Amino acid sequence: MESIEKKLKEHMDDSGKTSYPDFDRLWDSIQQGEMRSMGNDSRRVRPMRGRKAAVIVGLSVALLATPVYAAIAYDWTGILSNKTGVQSAMDKGLGQTIEQSVTRNGVTLTLHTAFTDENRTLLLYSLDPGQSREGKSISYKSIGLRDSEGKTIEGHYTQQWNPDLGVFQGYFESDWVVTGSTADVEFMIEDIRYIDDGVQQIAFDPNNPKTQEFPIQKDGIGSVTVQSFDQSEGKVLLKSSITFTDHELQKWSWIRIQALNGNNEIIKEVKSPVFGTPGETGEYNSQQIYELIQLNGEGNHYVLAYDREVAHVNGKWGINVTLSKKQLESGTFKENLNIPLKQLPGGTEISEMIVTPTQIRLILTHQEKFTRVPYQNYQLDVDGTLLDGGEWYVEGNTNKTELRFEMGMLDVNSIANKPIDLIAKHRVDENLGNKIPIRLMNISNDRQSMTTDYEGYPVTWTYYKKDNNLYVESVSSESEFGGVNQTYYLDGTKRNFGTPAIVAFHGDGNNKRMDLFKDFDRDELEIYVWMYSTEKPEDELRVELTKGK
Amino acid sequence: MSERELFDIYNKDVYRTCYHMLQNAQDAEDVCHDVFITVFRQDWRSVEHIRAWILRIAMNHSLNILRKNRTKREKQEQIQIQHDQATMVIKSVNTIVMEKASADELQEQLSLLPDKLLAVVTLRYVGDLSMAEIAETLNIPTGTVKSRLHKALKVMRKNMERNELYLVKGEKRFGIN
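One line per chain: the protein sequences are C and W, in this order.
The numbering used here puts the first residue of the first sequence at 1, with every later residue one more than the last.
The numbering used here puts the first residue of the second sequence at 550, with every later residue one more than the last.
Shown next as structure tokens:
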């Protein structure tokens, strides 16, 4: 007994061997003060008592819709974890209470609360599938709002299964706003699809450099082709391309190659995978990067995993409601700032700040159209409280960019008196490439590499032919070099661009890129860089917006 | 002490406690996050035995999650057992001997313990709490803490010995009792 006790003590107390999470990141998220959701299982149900009662305003009831007298209040903290401003507005009783239900074919749709301000509309709904539920998730043929003229208002939705209540809880969000103070709309869903995992075995060999094709011809999937590309440091890139016999499936299914080890455990990608980028002929392309050594483990096998429909309930579920901006108008204000940002390109200034109970928005105006704001991360420092934000494009106006910050737990009424700073971090600039060619000699099926100096950065070019196509890879050991966005060669004065074969994102710490030139039959080529980016992860810009009172 | 300092001192203890209870890094991180939020929402500066208090919160959060996940977990365990049966047959005797009492095996044995026993073991060996502190944390008598700890060690030792018995029987005789 003593011996096992000793071993156990060593095992459990061995802090040196435990791999810990990134505590700095954890601390940042703790500071946001939001309780997390654990999978789908921790939806907390809070009693009505103790919550501020919301006011019911302007409600018109559809024939079928009936009021809901709920004994419990739904907890939305999980579903609203990235909409902290909405959560906080709800906690303050600023949502418009709807609580109307409609039941059809044993399925009940309930519209609980609406949030409408001068910038967006967000509705909280739940769906009780009754006995019809199958599989692990659902989607709809359509979900959204319809205005009084019958026009569809599009948006997006997110939902989670709440096992305690036996309902799917979700929100629908749209950029659509109520003009005037109220608007009559119908919230509706059409045709429910129950979804579960589908799996097909594929005999993929990660060591075969040739394109491998696997016919599936099942569940709406035509075939999958997979290519593997050696990457630096023992990594391998799997590029897959999927064709469909049912094109509807492509719109909602998530399809991916899964590598499984001998114990049937999923082998994880070493970098974030990218799924579903559309190909030239509408195919569904994905890229996944693995450690080659892990892919070569004994007993490894590969499957194509996807979402498939296991059941459906057809019909329309609609709830008529009069949405009102009244609740969220309290505390809303706009302030003209007109602060020029000389550090930014394109003649940029922060022109306006708009504060609502759910969001703070900054409107940036640019003298030059399509000016890109060169930072990756944005925060507002409201008298010591940090709010995370992001960049939004303004539809129909190419001279404007918006920065939006969720309000978190801050009280909108106190904002006007507080000092506010904008903090922008991690600068990434895009630069036009120069006119100096890079000469690729003796092009063949063998990989060849050379390193050149490009605008002061060492860039290694690797090129080879595969399946009659030319691949040109570029990578730099210098982390300040963000990557070559695209290469081209000249036919007279015409630029022939390569097709980027790696999906890359600014600031992802990976400057490797790969261009594909189709049906290539020469043995020499001069290529040029179209654009390249440079990164300054430590760069921080702080701008005082208001001094406070 | 600031909140950040408190976090820096106890984050590893809390994470290890949650990790050993939940056997899953992502869940452990999520619970660790919630534990500190719970702590900061209370008047933690006036708590006397702060380490034991924080670990108690961590344990309660973990047990809540385990309770909620029980059905899911039981299903997973069934699959795991079928899978173990399948893989044990293929593993050579040598491999199994090598693995004896390895970290993996201990971890596996821990995952087989009922929640009640696992809680006592975790608080004792991760949290290094005294019998009295564990008793207070789990709201059970000290005598029960002792008997659960004893039982946990006994169950683990017995299971590991049983694995050894399988080894000498030869490859064709593997199976699950």
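Every residue gets a Cβ at the ideal spot worked out from N, C-alpha and C, and that includes glycine.
Keep in mind the model is a prediction, meaning the values are calculated, not measured.
Exercise. If we count the other Cβ atoms within 10 Å of its Cβ and call it buried at 16 or more, is Y556 (chain C) buried or exposed?
Worked result: Here chain C has residues from 1 to 549 only, and residue 556 (chain C) is not among them.
Problem set entry | Backbone secondary structure at F204 (chain C) - three-state DSSP | F204 (chain C) falls in the coil class under three-state DSSP.
Exercise. For V185 (chain C), which of C:L323, C:V107 and C:G95 has the nearest alpha-carbon?
Worked result: Shortest Cα-Cα distance from V185 (chain C) to any of C:L323, C:V107 and C:G95 involves C:L323.
Problem set entry | Contact set for I192 (chain C): own chain, Cβ-Cβ below 7 Å, skip 5 residues either direction | Take I192 (chain C), set aside five residues on each side of it, and the residues of its chain with a beta-carbon closer than 7 Å to its own are V107, I138, Y140, H312 and V313, in chain order.
Exercise. At which residues does the alpha helix (DSSP H) containing Q100 (chain C) begin and terminate?
Worked result: Here Q100 (chain C) belongs to no alpha helix (DSSP H); instead the beta strand (DSSP E) covers Q96 to R104.
For this session: Less than 8 Å between the CB atoms is what I'm expecting for G492 (chain C) and T534 (chain C), so what's the real figure, rounded?
Result: Not confirmed; about 31 Å, so no contact.
Exercise. Which word fits S479 (chain C), buried or exposed, when buried means at least 16 other C-beta atoms lie within 10 angstroms of its C-beta?
Worked result: Counting Cβ neighbours within 10 Å, S479 (chain C) comes out exposed, since fewer than 16 surround it.
For this session: Give the residues of chain C in contact with M705 (chain W), contact being defined as C-beta atoms less than 8 Å apart.
Result: Going along chain C in sequence order, the residues near M705 (chain W) (Cβ under 8 Å) are I4 and L8.
Exercise. By Cβ distance, which residues of its chain are closer than 6 Å to Q327 (chain C), with the 5 residues on each side in sequence left out?
Worked result: Hits under 6 Å: L94 and Q96.
For this session: Using a Cβ cut-off of 8 Å (strictly closer), state whether P21 (chain C) contacts chain W.
Result: Closer than 8 Å: yes.
Exercise. Hey, does L672 (chain W) have any beta-carbon neighbour from chain C nearer than 8 Å?
Worked result: Not an interface residue.
Problem set entry | Burial state of K389 (chain C) (16 or more Cβ within 10 Å) | The amino acid occupying residue 389 (chain C) in the given sequence is Gly; Lys does not appear at that position. By the 10 Å Cβ count, G389 (chain C) comes out buried.
For this session: Could you check what DSSP says for K465 (chain C) in three-state terms: helix, strand or coil?
Result: It is a strand residue.
Exercise. CA-CA distance, E352 (chain C) and N82 (chain C)?
Worked result: Taking the CA atoms as reference points, E352 (chain C) sits about 24 Å from N82 (chain C).
Exercise. Is the Cβ-Cβ distance between W317 (chain C) and V102 (chain C) less than 8 Å?
Worked result: Yes. Within cutoff.
Exercise. From K210 (chain C) to S477 (chain C), what does the alpha carbon distance come to, in whole angstroms?
Worked result: Each residue's Cα considered, the two are about 28 Å apart.
Exercise. Taking the C-alpha atoms as reference points, what is the distance between K549 (chain C) and G384 (chain C)?
Worked result: Near 15 Å, if we compare the C-alpha coordinates of G384 (chain C) and K549 (chain C).
Exercise. Going by alpha carbons, who is nearest to I153 (chain C) out of C:L165, C:G220 and C:L123?
Worked result: Comparing Cα-Cα distances from I153 (chain C) to each of C:L165, C:G220 and C:L123, the minimum goes to C:L123.
For this session: Work out the CA separation of A681 (chain W) and T587 (chain W) for me, nearest whole Å.
Result: So the two alpha carbons sit approximately 24 Å from each other.
For this session: Could you tell me whether the Cβ of I577 (chain C) comes closer than 8 Å to any Cβ of chain W?
Result: The requested residue 577 (chain C) is not part of the displayed model; chain C covers only 1 to 549.
For this session: Starting from the Cα of L145 (chain C), find the closest Cα among C:T116, C:L165, C:Q169 and C:G130 and give me that residue.
Result: Measuring C-alpha to C-alpha distances from L145 (chain C) to each of C:T116, C:L165, C:Q169 and C:G130 identifies C:T116 as the nearest.
Exercise. For the alpha helix (DSSP H) that G85 (chain C) lies in, which residues bound it at each end?
Worked result: Where G85 (chain C) is concerned, the enclosing alpha helix (DSSP H) stretches over T84 to D91.
For this session: Keeping to the same chain, check which residues put their C-beta closer than 7 Å to that of R158 (chain C); ignore five residues upstream and five downstream.
Result: Note that residue 158 (chain C) is Thr in the sequence shown, not Arg. Cβ-Cβ distances below 7 Å link T158 (chain C) to I79, G170 and Y171 in the same chain, with the five nearest sequence neighbours on each side left out; the list follows chain order.
For this session: Could you tell me which residues DSSP pairs with I257 (chain C) in its beta bridges?
Result: Its beta-bridge partners are C:L304.
Exercise. List, in order along the chain, the chain C residues whose C-beta lies closer than 9 Å to that of K561 (chain W)?
Worked result: Simply S15, T18, Y20 and F23.
For this session: Would you give the residue range spanned by the alpha helix (DSSP H) that Y568 (chain W) belongs to?
Result: Start and end: E552 to L571.
For this session: Check whether the segment 683-702 of chain W touches the segment 598-607 of chain W, counting contact only when three or more Cβ pairs, one atom from each stretch, lie closer than 8 Å.
Result: By the Cβ test, the segment 683-702 of chain W is in contact with the segment 598-607 of chain W, since at least three Cβ pairs between them sit closer than 8 Å.
Exercise. Nearest-angstrom Cα distance between L362 (chain C) and E349 (chain C)?
Worked result: Here the alpha carbon of L362 (chain C) sits roughly 10 Å from the alpha carbon of E349 (chain C).
For this session: Have a look at I436 (chain C) and G507 (chain C) and give me their C-alpha separation to the nearest angstrom.
Result: Going by C-alpha positions, I436 (chain C) is about 26 Å away from G507 (chain C).
Exercise. Using the beta-carbon of each residue, which ones in chain W are nearer than 9 Å to M12 (chain C)?
Worked result: R565, H569, L655, L659, V670, T671, R673, Y674 and V675, listed in chain order.
Exercise. What's the gap between the Cα of F333 (chain C) and the Cα of V382 (chain C)?
Worked result: Rounded to whole angstroms, F333 (chain C) to V382 (chain C) spans 16 Å at the Cα level.
For this session: For my contact list, G85 (chain C) and T401 (chain C) are in at a C-beta cut-off of 8 Å; report their separation, rounded to the angstrom.
Result: Not confirmed; about 20 Å, so no contact.
Problem set entry | 8 Å Cβ cutoff met for A625 (chain C) and D196 (chain C) | Residue 625 (chain C) lies beyond the residue range present for chain C, which begins at 1 and ends at 549; the question has no answer from this structure.
Problem set entry | Classification of I266 (chain C) by the beta-carbon crowding that lies within 10 angstroms, buried from 16 upward | Flag for I266 (chain C) reads exposed.
For this session: Put D579 (chain W) into one of helix, strand or coil per three-state DSSP.
Result: The answer is helix: DSSP assigns D579 (chain W) an H, G or I state.
Exercise. Apart from the five residues just before and just after V199 (chain C), which ones in its own chain have a Cβ nearer than 6 Å to its Cβ?
Worked result: Closer than 6 Å at the Cβ level, and outside the excluded window around V199 (chain C), lie V303 and A305.
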